[in-house]
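Protein chains in written order, with my numbering: chain A, 298 to 374; chain B, 298 to 374; chain C, 63 to 219; chain D, 63 to 219.
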Amino acid sequence: MIDVLFFAELQEAVGQEKVSLQIEGITVKDLKTKWLAEYELDNIDDAMVAVNEEYAQEDTVLASGDVIAFIPPVSGG
Amino acid sequence: MIDVLFFAELQEAVGQEKVSLQIEGITVKDLKTKWLAEYELDNIDDAMVAVNEEYAQEDTVLASGDVIAFIPPVSGG
Amino acid sequence: MEKNFWITNEAIEINDVVNKVVRPEAGAVNTFIGTVREFTKGKRTLYLEYQAYASMAEKKLEEIGREIDQKWGDAKTAIAHRTGRLDISDIAVVIAVSTPHRKDAFEASRYAIERIKEMVPIWKKENWEDGTLWIGDQKETKSYKENTPIGEDHTND
Amino acid sequence: MEKNFWITNEAIEINDVVNKVVRPEAGAVNTFIGTVREFTKGKRTLYLEYQAYASMAEKKLEEIGREIDQKWGDAKTAIAHRTGRLDISDIAVVIAVSTPHRKDAFEASRYAIERIKEMVPIWKKENWEDGTLWIGDQKETKSYKENTPIGEDHTND
């Protein structure tokens with residue numbers, strides 16, 4: 298199982314902070330294009346991706362227990 | 298009468314903060330070379346001069362009531 | 063509070079941040095304080111809402127502290143960022159950097175705020191009279207390489 | 063306290079200075095805090111004594127505020143400088159500048175401390191283990207033109 302976290306406009310689009318999925322061994326790209334397609338997140342490709350709180354590439358393979366976060370363009374400060 | 302103020306090492310050399318002199322119509326340069334000569338202030342030429350709290354040149358002519366301050370190199374901050 | 067880098071839902075006390083970096087070796091502390099500005103390009107902000115991926119944001123703030131250490135040598139950094147609803151003039155972020163000499167403190171503090179705006183997972187939602195919007199304009203103003211944060215931002219405060 | 067520029071014999075509260083410049087138009091406040099450093103070039107300071115020509119110093123600090131207004135437009139500045147005996151890590155000076163955007167706040171705050179070190183009549187006396195000295199090294203490190211302050215200083219903090 299992996300946890301997928303959403304923030305800012307993505308969180309509002311999904312309607313929740315976290316989605317848990319019974320998958321593993323797929324890439325971040327697969328997660329976006331296949332497993333999250335149903336949410337129709339237009340802006341998800343603008344988001345950075347963090348795996349276990351570190352920025353990661355789209356070809357990162359996800360293991361069970363990973364926490365994946367989609368990080369829309371940040372605007373702190 | 299004019300008041301002459303000293304600060305930092307000049308104040309310690311003179312032994313007081315303020316000297317009042319019954320003079321007027323002289324320049325700052327005269328003040329230094331004639332009226333303050335007795336104090337043997339070796340560093341007075343390193344000091345800036347302020348007349349009535351504004352920086353002034355050595356050829357400024359002093360009027361009665363003026364406050365002249367010798368400002369050694371500053372080191373605030 | 064033990065941490066030098068933290069996300070909080072409460073008002074930030076400037077002294078709490080500064081006190082973490084004052085030390086005998088330092089002669090200079092530079093502090094950057096980000097406050098909520100009422101008008102941006104003529105548009106009036108009523109209030110802001112800040113959201114953070116708090117655990118990751120604290121790690122990234124710590125990382126900025128380490129970057130500063132490496133770049134400026136003898137520097138000590140503390141950063142606090144607030145989340146939740148902030149009204150006009152409320153403090154959103156406080157950065158404090160102490161160094162032996164002032165030039166480094168200015169440079170490192172500036173570096174910290176630029177890095178926060180590049181890569182720390184914190185978002186602000188504008189609440190105007192006529193609507194709301196999550197802000198995040200890197201797409202227009204900065205280069206992304208493979209969706210990891212690089213480049214310089216040009217946001218406003 | 064009404065003044066935005068002041069010399070004081072008491073401890074300076076950072077908030078007192080910052081609060082004078084926080085305003086709805088500002089999104090950024092830069093603060094420079096000068097603290098007493100223990101070691102300078104390997105020599106240990108026990109404490110410092112600051113002396114000021116207070117009335118003129120306050121005028122000159124105000125003048126720096128006006129210079130900042132002219133150079134950066136929408137900026138608000140407050141500066142407090144302490145006099146008397148200061149121990150290690152005590153705060154000697156606090157500068158706060160608020161501006162709509164952060165770049166200006168950093169630049170103006172840096173400008174303020176450089177100008178203080180050039181031309182505000184304040185002096186510090188070093189008290190080391192083996193002696194004392196009024197500091198003031200413009201003669202060696204900066205150019206004077208007819209004994210009025212110009213040029214850039216290179217002092218330490």
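Every residue, glycine too, gets a C-beta built ideally from N, C-alpha and C.
Quick caveat, the model's predicted, so the values are computed rather than measured.
Inset, instruction - Give the DSSP-derived three-state secondary structure of A310 of chain A in the structure shown. - result: Taking the first sequence and counting its residues from 1, the one referred to as residue 310 of chain A is at position 13. Residue state, collapsed to three classes: helix.
Inset, instruction - Pick helix, strand or coil for L123 of chain C, following the three-state DSSP scheme. - result: Here residue 123 of chain C refers to the residue found at position 61 of the third sequence. For L123 of chain C, the secondary structure class from DSSP, reduced to helix, strand or coil, is helix.
Legend entry - Sub-8 Å separation of N189 of chain D and E72 of chain D beta-carbons: In the fourth sequence, counting from the first residue as 1, residue 189 of chain D sits at position 127. In the fourth sequence, counting from the first residue as 1, residue 72 of chain D sits at position 10. N189 of chain D is not a Cβ neighbour of E72 of chain D, given a cutoff of 8 Å.
Legend entry - Cβ pair V83 of chain C, V91 of chain C closer than 8 Å: As a first step, residue 83 of chain C is located in the third sequence; it is residue number 21 there, counting from the start. As a first step, residue 91 of chain C is located in the third sequence; it is residue number 29 there, counting from the start. Inclusion of V83 of chain C and V91 of chain C in the CB contact set at 8 Å is warranted, their separation being smaller than that value.
Legend entry - G213 of chain D, DSSP secondary structure in three states: Position 151 of the fourth sequence, counted from the first residue, corresponds to residue 213 of chain D. Interpretation of G213 of chain D is limited by its pLDDT of 37, a score under 50 that renders its predicted location unreliable; the figure taken from the coordinates is listed afterwards. Reduced to three states, the DSSP call for G213 of chain D is coil.
Legend entry - 8 Å Cβ cut-off: residues of chain D touching A347 of chain B: Within the second sequence, numbered from 1, the residue matching residue 347 of chain B stands at position 50. Correct list: Y115, M118 and P183.
Legend entry - Assigned secondary structure, I299 of chain B (DSSP; H/G/I helix, E/B strand, else coil): In the second sequence, residue 299 of chain B corresponds to position 2, counting from 1. Here I299 of chain B sits in strand by DSSP.
Inset, instruction - Measuring alpha carbon to alpha carbon, tell me which of D:G104, D:T70, D:P162 and D:V182 ends up nearest T102 of chain C. - result: By 1-based counting over the third sequence, the position of residue 102 of chain C is 40. Answer by Cα proximity: D:P162.
Inset, instruction - Establish whether the CB of D366 of chain B and some CB of chain D are separated by less than 8 Å. - result: What you label residue 366 of chain B is simply residue 69 of the second sequence in a count that begins at 1. Note that residue 366 of chain B is Ala in the sequence shown, not Asp. Chain D contact via Cβ: present.
Legend entry - Alpha carbon of T210 of chain C to alpha carbon of V346 of chain A, nearest angstrom: Taking the first residue of the third sequence as position 1, residue 210 of chain C is located at position 148. Taking the first residue of the first sequence as position 1, residue 346 of chain A is located at position 49. Confidence in T210 of chain C is poor, its pLDDT being 47 and thus under 50, which makes the residue's placement too unreliable to answer from.
Inset, instruction - For S317 of chain B, count neighbouring Cβ atoms within 10 angstroms of its own Cβ and tell me buried if that reaches 16, exposed if not. - result: Numbered from 1 along the second sequence, position 20 holds the residue referred to as residue 317 of chain B. Result: exposed.
Inset, instruction - Could you please tell me which residues of the segment 83-104 of chain D, in chain order, have their CB closer than 9 Å to any CB of chain C? - result: Within the segment 83-104 of chain D, the residues whose Cβ lies closer than 9 Å to any Cβ of chain C are, in chain order, V84, R85, P86, E87, A88, G89, A90, V91, N92, T93, F94, I95, G96, T97, V98, R99, E100, F101 and T102.
Inset, instruction - Spell out the partners DSSP gives K329 of chain B in its beta bridges. - result: Locating residue 329 of chain B in the second sequence gives position 32, counting from the first residue. DSSP, once it has assigned bridges, lists no residue as partnering K329 of chain B.
Inset, instruction - Give a yes or no on contact between the segment 119-137 of chain C and the segment 347-364 of chain B, applying the rule of three or more CB pairs nearer than 8 Å. - result: No: fewer than three Cβ pairs fall under 8 Å.
Legend entry - Residues bridged to E188 of chain D (per DSSP): Residue mapping note: residue 188 of chain D aligns to position 126 of the fourth sequence, counting from 1. Residue pairing of E188 of chain D in beta bridges, as defined by DSSP: D:L110 and D:L195.
Inset, instruction - In angstroms with no decimal places, state the Cα-to-Cα distance between D215 of chain C and E180 of chain C. - result: Along the third sequence, one-based indexing puts residue 215 of chain C at 153. Along the third sequence, one-based indexing puts residue 180 of chain C at 118. With a pLDDT of 37 at D215 of chain C, under the threshold of 50, the predicted position of this residue should be treated as unreliable, though the coordinate-derived value follows. Rounded to the nearest whole angstrom, the C-alpha separation of D215 of chain C and E180 of chain C is 6 Å.
Legend entry - Contacts around E321 of chain A, its chain only, beta-carbon distance under 7 Å, and the 5 residues preceding and following it disregarded: For the purposes of this step, residue 321 of chain A is taken as the residue at position 24 of the first sequence. Excluding sequence neighbours, E321 of chain A sits near I299, L359, A360 and S361.
Inset, instruction - Compare the C-beta of Y112 of chain D against all C-beta atoms of chain C and say whether one is closer than 8 Å. - result: Numbered from its first residue, the fourth sequence carries residue 112 of chain D at position 50. Not closer than 8 Å to any Cβ of chain C, the Cβ of Y112 of chain D fails to qualify, so no.
Inset, instruction - Look at I130 of chain C and A140 of chain C and say whether their C-beta atoms are less than 8 Å apart. - result: Here residue 130 of chain C is taken as the residue at index 68 of the third sequence, counted from 1. Here residue 140 of chain C is taken as the residue at index 78 of the third sequence, counted from 1. For I130 of chain C and A140 of chain C, no; Cβs fall outside 8 Å.
Inset, instruction - Pull up the CB-CB distance for F304 of chain B and I368 of chain B, whole angstroms please, since I reckon it's below 8 Å. - result: Numbered from 1 along the second sequence, position 7 holds the residue referred to as residue 304 of chain B. Numbered from 1 along the second sequence, position 71 holds the residue referred to as residue 368 of chain B. Contact flag correct, Cβ pair sits at about 7 Å.
Inset, instruction - Check whether the Cβ of V159 of chain D lies closer than 8 Å to any Cβ atom in chain C. - result: As a position in the fourth sequence, residue 159 of chain D is number 97, starting the count at 1. It does not; no Cβ of chain C falls within 8 Å.
Legend entry - Coil, strand or helix - I69 of chain C by DSSP: In the third sequence, residue 69 of chain C corresponds to position 7, counting from 1. Taken through DSSP and simplified to helix, strand or coil, I69 of chain C comes out as strand.
Legend entry - C-alpha distance - V311 of chain A paired with W196 of chain C, whole-angstrom precision: Here the question's residue 311 of chain A lines up with position 14 in the first sequence. Here the question's residue 196 of chain C lines up with position 134 in the third sequence. Just so you know, the alpha carbons of V311 of chain A and W196 of chain C end up roughly 15 Å apart.
Inset, instruction - Flag this pair as yes or no: are the beta carbons of I69 of chain C and A116 of chain C separated by less than 8 Å? - result: Numbered from 1 along the third sequence, position 7 holds the residue referred to as residue 69 of chain C. Numbered from 1 along the third sequence, position 54 holds the residue referred to as residue 116 of chain C. Their beta carbons are under 8 Å apart, which means I69 of chain C touches A116 of chain C by this criterion.
Inset, instruction - Could you tell me whether the Cβ atoms of N340 of chain B and L307 of chain B are closer together than 8 Å? - result: Position 43 of the second sequence holds residue 340 of chain B. Position 10 of the second sequence holds residue 307 of chain B. N340 of chain B is a Cβ neighbour of L307 of chain B, given a cutoff of 8 Å.
Legend entry - Residue environment, A334 of chain B, which counts as buried when at least 16 other CB atoms sit within 10 Å: Here residue 334 of chain B refers to the residue found at position 37 of the second sequence. A334 of chain B is exposed by the Cβ-count criterion.
Legend entry - For V371 of chain A and I76 of chain C, believed in contact at Cβ under 8 Å, the rounded distance: Numbered from its first residue, the third sequence carries residue 76 of chain C at position 14. Numbered from its first residue, the first sequence carries residue 371 of chain A at position 74. V371 of chain A and I76 of chain C do not touch by the CB rule: their CB atoms are close to 23 Å apart, not below 8 Å.
Legend entry - Proximity below 8 Å, CB of A170 of chain D to CB of V79 of chain D: Position 108 of the fourth sequence, counting from 1, holds the residue named residue 170 of chain D. Position 17 of the fourth sequence, counting from 1, holds the residue named residue 79 of chain D. If you check the CB distance, A170 of chain D and V79 of chain D do not come in under 8 Å.
Inset, instruction - Return the chain-ordered list of same chain residues with a C-beta closer than 7 Å to the C-beta of E87 of chain D, the five sequence neighbours on each side being excluded. - result: What you label residue 87 of chain D is simply residue 25 of the fourth sequence in a count that begins at 1. D136 and P162.
Inset, instruction - Locate the alpha helix (DSSP H) running through I150 of chain C, then write down its first and last residues. - result: Position 88 of the third sequence, counting from 1, holds the residue named residue 150 of chain C. Looking at the DSSP string, I150 of chain C is not in any alpha helix (DSSP H), and its letter there is neither H nor E.
Inset, instruction - Could you confirm whether any beta carbon from chain B is found closer than 8 Å to the beta carbon of W190 of chain D? - result: Locating residue 190 of chain D in the fourth sequence gives position 128, where the first residue counts as 1. No, its Cβ sits nowhere closer than 8 Å to a Cβ of chain B.
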